[in-house]
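Residue numbers (the numbering used here): 1 to 145. Cβ atoms here follow ideal geometry from the backbone N, Cα and C, with glycine treated the same way.
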Ligand code: DQA
């Protein structure tokens, strides 16, 4: 089983970026945590980050026939991107949406999630542990084996 973890814009700035909202762990810490968890589950994982919407669409398309599940934090594109929603729908790979912060308790403009309609689950407000929870959801059956 292979899970692809995709992070959108500014998530490479974790640890530096608004630590009161997103925590002190760096992006490198997050990657290590995801890799350790994949090892524990005995699965393959690939981690990808981009600040560019089209690159995120390309990566989702490339997952077709390669990954059994996708964990995605589209970051700001959550609230704007029909292209990312369409990409997830195109590949039909079970996908879990993750947000580090509790988006539902934040600004009005963060209350819209385009991608949510195409996801098997959403995890918000659990910090970086939310990525591991999303991996567990896919591992436990949300994903095609
Ligand atoms: C985020 C929430 C988004 O609203 C924001 O634009 C992000 C990060 C989160 O992980 O909490 O960049 O997706």
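At what residue ranges does the stretch 40–69 contain a whole run of the alpha helix (DSSP H), taking only runs of 4 or more?
53–62
Would you decide whether residue 109 is buried or exposed? Buried here means 16 or more other CB atoms lie within 10 Å of its CB.
The count along the chain shown starts at 1 and reaches residue 109 at position 109. Residue burial is scored here from C-beta neighbours: residue 109 has fewer than 16 other C-beta atoms within 10 angstroms and is therefore classed as exposed.
How should residue 135 be labelled, buried or exposed, when 16 other C-beta atoms within 10 angstroms of its C-beta is the threshold for buried?
As a first step, residue 135 is located in the chain shown; it is residue number 135 there, counting from the start. Burial call: buried.
Comparing alpha-carbon positions, which option in 64, 41, 31, 117 lies nearest residue 49?
As a working mapping, residue 49 is identified with position 49 in the chain shown. Of 64, 41, 31, 117, the residue nearest in Cα terms is 31.
Where the beta carbon is closer than 6 Å to any heavy atom of the ligand DQA, which residues qualify, in chain order?
10, 73, 75, 76, 78, 99, 100, 101, 103, 110
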